[in-house]
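Chemist: Here's a structure for you.
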Amino acid sequence: MNILIFSILTLVLIGAFSATILFFVSRKFKVYEDPRIVEVEAVLPAANCGGCGYPLCHGFAVACVNSDTLEGLVCKTGGLKTMEKVAAILGKEPVSFHPTVAVVRCGGSCEVRPQTNLYDGVKKCSVVHNLYGGNTGCSYGCLGFGDCEVSCQFDALHVNPKTLLPEIDEEKCTSCNACVKACPKAIIELRRKGPESQRIYVNCVNKDKEDSIRESCSVACIGCVKCYDECAFEAITMSNNLAYIDSSRCTICRKCVAVCPTKAILELNFPLSRI
Amino acid sequence: MILLNKHRFNKPATRIGIPVAYHISIQMKTFKMGGIHPKEHKFSAGVKIQPATIPSQVIIPLGHYLGGPSLPVVEAGDVVKVGQLIGKASGFISANVHASVSGIITKIDGHIDASGYKVPSVFIDVQGDEWLESIDKSPEIIRECTLTPAGIIKVISESGIVGLGGATFPTHVKLSPPPGKTAEVLIINAVECEPYLTCDHQLMLEKAEEILVGVSILMKALGVSRAVMGIENNKRDAIAIMTKLAKSFEGIQITPLKVQYPQGGEKQLIDAVMGRQVPSGTLPIEVGAVVQNVGTTFAIYEAVQKHKPLFERILTITGKSVKNHGNYRARLGTPLACIVEQAGGVPEDTGKIVAGGPMMGRALSSLEVAVAKGTSGVLFIQTMESARKKMQNCMRCAKCVVACPMGLEPYLLMNQSERSMWSEMEGDRIMDCIECGCCSFVCPSSRPLLDHIRFGKGTVGKILRNRHAKK
Numbered sequence: 000m001n002i003l004i005f006s007i008l009t010l011v012l013i014g015a016f017s018a019t020i021l022f023f024v025s026r027k028f029k030v031y032e033d034p035r036i037v038e039v040e041a042v043l044p045a046a047n048c049g050g051c052g053y054p055l056c057h058g059f060a061v062a063c064v065n066s067d068t069l070e071g072l073v074c075k076t077g078g079l080k081t082m083e084k085v086a087a088i089l090g091k092e093p094v095s096f097h098p099t100v101a102v103v104r105c106g107g108s109c110e111v112r113p114q115t116n117l118y119d120g121v122k123k124c125s126v127v128h129n130l131y132g133g134n135t136g137c138s139y140g141c142l143g144f145g146d147c148e149v150s151c152q153f154d155a156l157h158v159n160p161k162t163l164l165p166e167i168d169e170e171k172c173t174s175c176n177a178c179v180k181a182c183p184k185a186i187i188e189l190r191r192k193g194p195e196s197q198r199i200y201v202n203c204v205n206k207d208k209e210d211s212i213r214e215s216c217s218v219a220c221i222g223c224v225k226c227y228d229e230c231a232f233e234a235i236t237m238s239n240n241l242a243y244i245d246s247s248r249c250t251i252c253r254k255c256v257a258v259c260p261t262k263a264i265l266e267l268n269f270p271l272s273r274i
Numbered sequence: 000m001i002l003l004n005k006h007r008f009n010k011p012a013t014r015i016g017i018p019v020a021y022h023i024s025i026q027m028k029t030f031k032m033g034g035i036h037p038k039e040h041k042f043s044a045g046v047k048i049q050p051a052t053i054p055s056q057v058i059i060p061l062g063h064y065l066g067g068p069s070l071p072v073v074e075a076g077d078v079v080k081v082g083q084l085i086g087k088a089s090g091f092i093s094a095n096v097h098a099s100v101s102g103i104i105t106k107i108d109g110h111i112d113a114s115g116y117k118v119p120s121v122f123i124d125v126q127g128d129e130w131l132e133s134i135d136k137s138p139e140i141i142r143e144c145t146l147t148p149a150g151i152i153k154v155i156s157e158s159g160i161v162g163l164g165g166a167t168f169p170t171h172v173k174l175s176p177p178p179g180k181t182a183e184v185l186i187i188n189a190v191e192c193e194p195y196l197t198c199d200h201q202l203m204l205e206k207a208e209e210i211l212v213g214v215s216i217l218m219k220a221l222g223v224s225r226a227v228m229g230i231e232n233n234k235r236d237a238i239a240i241m242t243k244l245a246k247s248f249e250g251i252q253i254t255p256l257k258v259q260y261p262q263g264g265e266k267q268l269i270d271a272v273m274g275r276q277v278p279s280g281t282l283p284i285e286v287g288a289v290v291q292n293v294g295t296t297f298a299i300y301e302a303v304q305k306h307k308p309l310f311e312r313i314l315t316i317t318g319k320s321v322k323n324h325g326n327y328r329a330r331l332g333t334p335l336a337c338i339v340e341q342a343g344g345v346p347e348d349t350g351k352i353v354a355g356g357p358m359m360g361r362a363l364s365s366l367e368v369a370v371a372k373g374t375s376g377v378l379f380i381q382t383m384e385s386a387r388k389k390m391q392n393c394m395r396c397a398k399c400v401v402a403c404p405m406g407l408e409p410y411l412l413m414n415q416s417e418r419s420m421w422s423e424m425e426g427d428r429i430m431d432c433i434e435c436g437c438c439s440f441v442c443p444s445s446r447p448l449l450d451h452i453r454f455g456k457g458t459v460g461k462i463l464r465n466r467h468a469k470k
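First to last, the sequence lines map onto chains A and B.
Residues 0 to 274, numbered by numbering that gives the first Met the number 0, are exactly what the first sequence covers, in order.
Residues 0 to 470, numbered by numbering that gives the first Met the number 0, are exactly what the second sequence covers, in order.
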């Protein structure tokens, strides 16, 4: 019986002694963390996608709390609602931003851009890009092996087996930038979603001259400058035989779509026009 | 098991009637680490070099060698003669480009090269065959070279000579060692370890004396008294001719080497000939060696003694089902389709067309690709042979580790490349990889080791260059 009491007492004493030491140590080395960081982190989507440019959602929460204004701090995955909540917690002005979505700027499906050679190596875009120009006549276009599909953690991107082009699910896409980084040909771009998701963009990244493009792909931008001349808002710029539509200036008047001879300018989510 | 091995080891020495050459080949020099011996298939050996027909249009690429692309000095509409300068070197590690035909320049535009990407190229419509007057077209062999070492290097750099073995590194850069380093030995690479290719072999048979004069010019330029020419033992006739002729030249030694791939690699050849290992991440000059290809040596002879810049090269057209395989002397910029037609056209059962040899060559995406300075041959591989086998799991047999001539661990590098572990790859010396393909060749699970390693090497190389640029 004595042994039992003795050992219990010893343990209690050791415990009390250690607790006292730990108490003072924790006082001495205490790191102050803003309690708002935890609150902000709680309203963030916890996707840890890195789309904001900070490591993990915690990093973004720290940046939000530490900065004076919320200028330039955007959680694209959470969207405007999340940012409003964050602003409410921190007592700062919510900054409005245009929601963006990833777009694939290549329309070279199997029909319009025939294969010129067969590739039988490793089925990864990055490996193919490192090795050679690709299995079609266009060395700028989509390779179709789906590095972007692997990189997407929101299941928003799938390569269509018929066209061999990636297709983006607008509902699921959070514009986290992962597919943009994964694409070795730099085809995917984050563009403004536009009013009612209506948007116009040049569906091509080929920088070759007209005569050589025509053979390889029938829907490529040939750099004919017709859209550039047509645009009244200076939204279209030309460089290296390629037109680019600046989404911040575009008013979605759709005049450029009508003049494009190769149908390289794509319009999305517009109601069908009556003829 | 031990008994069996012992028996096999003793076999050549104890058996009566063994060929002498085989007996010698056991003691012949070779590199120490790794290596394989694929089937040689040198069908076009001994076929005389024939001039390829000049096409109606040539497309001369401006950036077809290691280093910065050259800048065009001509415009569309200009009339050029054979040997005229059309592209000027854009820096120290870059080379001049000369017109290979006479005619009118139609345009300067992008054209696909062996990699499938477009490179700026000069399109020339051929009219006649008018050479620059300064080029000596006579077949006479001039042995005396009156130029100073600096003068020789200047001529070589002006003539746009690059390594013709395949890596296409500008030769004048190799001949100007960095300050503080001196060359001791000049090594001539006449190994031609790639299966199928015979262009260097045939060149040695036909132009042996010119090559040896080229070697002595190179020795003068480098200021070395000793040159060693390494030739693999499957080219006995070339070894015989070279050894006979080399007696009249001072300091040139011919070394027969055991047949082993990739002996033509710079570092492997230095190991085989001199027994010295080049440290990781350094150049051969570190161990006092400068390596030049035998084709380059001939081009140097022509440039220095005949004032002929580099505008043609010898390439092998070969393959199991090719009708007239042979060695052709083609002008740079000739579309491969023209030369292939001369050799009997594309065989019916072709699965892959490769520019270069089967081990390190590139599968072509189109025959519109023009002959570049590094195109050593066109190889037609049959459909059955070219098909890749189904990939299976790695069973850690370490055959790739044994075969790797650089002492790397290919199975590990492939895994790291798949998982984007770039810093680990850098630590495992990925930049030492010479992309010889021994690992993929020996893998019993037919894993695409080289595909992944080459991608990893490219990515790590980019990271290293960025880091270097920041400093």
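From the three backbone atoms N, C-alpha and C, an ideal C-beta is built for every residue, glycine too.
Count the other CB atoms, across all protein chains shown, that sit within 10 Å of the CB of B/P447; report buried if there are 16 or more and exposed otherwise.
Modeler: Buried, since its Cβ has 16 or more Cβ neighbours within 10 Å.
Chemist: How is the alpha helix (DSSP H) around B/I210 delimited, first residue to last?
Modeler: 207-221
Chemist: At the 7 angstroms Cβ level, is B/Y410 part of the contact set with chain A, yes or no?
Modeler: no
Chemist: Following the continuous alpha helix (DSSP H) through A/L12, name the residue where it begins and the one where it ends.
Modeler: 1-27
Chemist: Using CA atoms only, rank isn't needed, just tell me which of B/C437, B/E285, B/S55, B/N326 is closest to B/D199.
Modeler: B/N326
Chemist: Taking the DSSP output, what are the residues bridged to B/K28?
Modeler: B/L256
Chemist: Tell me which same chain residues have a C-beta within less than 7 angstroms of the C-beta of A/G77, skipping the five on either side of it?
Modeler: L43, P44
Chemist: Excluding the five sequence neighbours on either side, which residues of its own chain have a C-beta within less than 6 angstroms of the C-beta of B/L366, listed in chain order?
Modeler: Shown here for B/L366: same chain residues with a beta carbon closer than 6 angstroms to its own, the five before and five after excluded, namely L335, A336 in chain order.
Chemist: Is the CB of B/D477 under 7 angstroms away from at least one CB in chain A?
Modeler: Lying before the first or after the last residue shown, residue 477 of chain B is absent from chain B, which here runs from 0 to 470.
Chemist: For B/I160, which option in B/G115, B/K180, B/T296 has the closest C-alpha, if you only look at C-alpha atoms?
Modeler: B/T296
Chemist: Once DSSP output is grouped into helix, strand and coil, what is the label at B/A336?
Modeler: helix
Chemist: Do B/I53 and B/V121 have their beta-carbon atoms positioned less than 7 angstroms apart in this structure?
Modeler: no
Chemist: Would you report the Cα separation of B/I452 and B/V401, rounded to the nearest angstrom?
Modeler: Distance from the CA of B/I452 to the CA of B/V401, rounded to the nearest whole angstrom, comes to 17 angstroms.
Chemist: Can you say whether A/Q152 is buried or exposed, counting buried as having 16 or more other CB atoms within 10 angstroms of its CB?
Modeler: Exposed, because fewer than 16 other Cβ atoms sit within 10 Å of the Cβ of A/Q152.
Chemist: Return the residue from the list B/P71, B/R387, B/V78 that minimises the CA-CA distance to B/D128.
Modeler: B/V78
Chemist: Which same chain residues end up closer than 7 angstroms to A/L21 when comparing Cβ atoms and leaving out the 5 residues on each side of it in sequence?
Modeler: none
Chemist: How many whole angstroms separate the CB atoms of A/A46 and A/Y53, which I take to be in contact at a CB cut-off of 8 angstroms?
Modeler: Actually they do not touch by this definition, with Cβ atoms about 13 angstroms apart.
Chemist: What residues in the stretch 68-79 of chain B have a beta carbon less than 7 angstroms from any beta carbon of chain A?
Modeler: none
Chemist: Tell me the start and end of each unbroken alpha helix (DSSP H) in the stretch 81-158 of chain A that is at least 4 residues and wholly inside, in chain order.
Modeler: 124-130, 146-150
Chemist: Please state the DSSP three-state secondary structure of B/Y116.
Modeler: coil
Chemist: Going by CA-CA distance only, name the one from A/N159, A/D154, A/E195 that's closest to A/C175.
Modeler: A/D154
Chemist: Straight-line CA distance for B/V212 to B/K257?
Modeler: Their Cα atoms are separated by approximately 26 angstroms.
Chemist: Return the bridge partner residues of B/T349 from the DSSP annotation.
Modeler: B/Q381
Chemist: Can you pull the chain A neighbours of B/S114, defined as C-beta to C-beta under 7 angstroms?
Modeler: Neighbours of B/S114 on chain A, chain order: Y131, G132.
Chemist: Name the one or two DSSP bridge partners that B/P60 has.
Modeler: B/S120
Chemist: From B/V227, B/I238, B/V190, pick the residue whose C-alpha is nearest to that of B/A207; which is it?
Modeler: B/I238
Chemist: Since B/A113 and B/R418 are thought to touch, with beta carbons under 8 angstroms apart, how far apart are those beta carbons, to the nearest angstrom?
Modeler: Actually they are not in contact, since the Cβ atoms of B/A113 and B/R418 sit about 30 angstroms apart, beyond 8 angstroms.
Chemist: Rounded to the nearest angstrom, what separates B/K246 and B/G229 at their Cα positions?
Modeler: A straight-line Cα-Cα distance of about 16 angstroms links B/K246 and B/G229.
Chemist: Can you list the residues of chain B that A/N116 reaches, using a CB-CB cut of under 9 angstroms?
Modeler: G115, A362, L363, S364, S365
Chemist: For B/Q291, does the three-state DSSP call read helix, strand or coil?
Modeler: Strand, per DSSP.
Chemist: Is A/D119 close to chain B? Criterion is C-beta to C-beta, closer than 7 angstroms.
Modeler: yes
Chemist: Considering just the uninterrupted stretch of the alpha helix (DSSP H) at B/K173, what are its terminal residues?
Modeler: 170-174
Chemist: Express the C-alpha separation of B/E139 and B/L84 in angstroms, rounding to a whole number.
Modeler: 25 angstroms
Chemist: Verify whether the separation of the beta carbon atoms of B/V118 and B/G62 is less than 7 angstroms.
Modeler: yes
Chemist: Assign B/G164 to buried or exposed, taking buried as 16 or more other Cβ atoms, counted over all protein chains shown, within 10 Å of its Cβ.
Modeler: Buried, since its Cβ has 16 or more Cβ neighbours within 10 Å.
Chemist: Check each candidate in A/I235, A/T236, A/E209 and name the one with the smallest Cα separation from A/C223.
Modeler: A/E209
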